[in-house]
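J.: Just dropping this structure here.
Numbering (the UniProt record's numbering), first residue to last: 1 to 202.
Written as structure tokens, this is what we have:
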């Protein structure tokens with residue numbers, strides 16, 4: 001069992017099998033990028049990503065990603081894996097680490113060093129940046145977007161997400177920009193303060 005797949009889990013989180021035989025598919029394993037969970041329940045954003053992944057077929061090899069914040073009993077990857085499991089998926093690898101897209105793809109790279117082709121499942125506004133980050137990690141990525149994503153134009157949350165993604169793309173090409181973007185996000189999204197605190201500790 002890979003060290004990435006056995007990363008530290010919250011003690012109150014149910015342990016489930018993590019490593020399954022990798023199935024050969026044209027688009028590689030389906031990597032569902034992490035999103036918020038609330039005490040074991042996937043957020044609407046995460047649920048939309050998971051439903052989009054399941055629409056590709058329950059016989060696929062799913063890779064769920066994402067850690068937790070201090071005080072959380074569950075990880076994003078663990079919650080996502082359970083959601084897939086109860087809906088018929090049998091080939092699941094849960095990588096319970098990573099607070100950013102880059103960190104989550106780092107975990108995928110460590111767990112599957114020989115894999116090049118992956119299918120990324122995420123939100124429409126996040127897909128371009130996720131694809132760029134995947135390319136930087138050496139993956140040939142295909143993106144599948146969650147059509148049921150609850151964030152739509154012209155909601156205020158849509159504008160915040162677009163600003164976040166544009167800033168994230170700029171940070172990929174302008175070294176040193178990330179801290180300034182995090183300060184801006186603390187103003188735009190005060191509920192993300194715990195997430196930024198965790199990133200700064202790392």
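A virtual CB, placed ideally from N, CA and C, is assigned to each residue, including glycine.
Are the CB atoms of residue 117 and residue 203 within a distance shorter than 8 Å?
T.: A question about residue 203 goes unanswered here, because the residues of the chain that appear run from 1 up to 202.
J.: Suppose you measure from the CA of residue 90 to the CA of residue 72; what does that come to, to the nearest Å?
T.: Answer to the nearest angstrom: the Cα atoms are 26 Å apart.
J.: How far does the alpha helix (DSSP H) with residue 94 in it reach, from first residue to last?
T.: Run containing residue 94: none in the alpha helix (DSSP H); it sits in the beta strand (DSSP E), 91–95.
J.: Kindly confirm or deny that the segment 170–178 and the segment 74–93 touch, where touching means at least three C-beta pairs closer than 8 Å.
T.: The answer is no - the segment 74–93 does not touch the segment 170–178, with fewer than three Cβ pairs under 8 Å.
J.: Where does residue 50 land, buried or exposed, given buried means 16+ other C-beta within 10 angstroms?
T.: Under this definition residue 50 is a buried residue.
J.: Thinking residue 206 and residue 45 are a contact (beta carbons under 8 Å), I'd like their distance in whole angstroms, please.
T.: What is shown of the chain runs 1 to 202, which leaves residue 206 out entirely.
J.: Look at the Cβ atom of residue 104, then the Cβ atom of residue 145, and state whether they are nearer than 8 Å.
T.: Cβ distance not < 8 Å, so residue 104 and residue 145 don't count as in contact.
J.: Quick check on the burial criterion: 16 or more other C-beta atoms within 10 angstroms. Buried or exposed for residue 155?
T.: Burial call: exposed.
J.: Would you report the Cα separation of residue 30 and residue 180, rounded to the nearest angstrom?
T.: Going by the C-alpha atoms only, they are around 33 Å apart.
J.: In the DSSP assignment, what are the bridge partners of residue 141?
T.: Bridge partners of residue 141: 118.
J.: Which residue spans inside the segment 148–186 form an unbroken beta strand (DSSP E) run of at least 3?
T.: Listed in chain order, there is nothing to give.
J.: If you check the beta carbons only, do residue 98 and residue 58 fall under 8 Å apart?
T.: Taking 8 Å as the Cβ cut-off, residue 98 and residue 58 do not qualify as a contacting pair.
J.: From residue 43 to residue 130, what does the alpha carbon distance come to, in whole angstroms?
T.: Taking the straight line from one Cα to the other gives about 19 Å.
J.: For residue 60, is the classification buried or exposed, using 16 other Cβ atoms within 10 angstroms of its Cβ as the cut-off for buried?
T.: When all chains shown are included, residue 60 counts as buried.
J.: Going straight from the alpha carbon of residue 159 to that of residue 134, what length do you get?
T.: Distance between the alpha carbons of residue 159 and residue 134 is about 24 Å.
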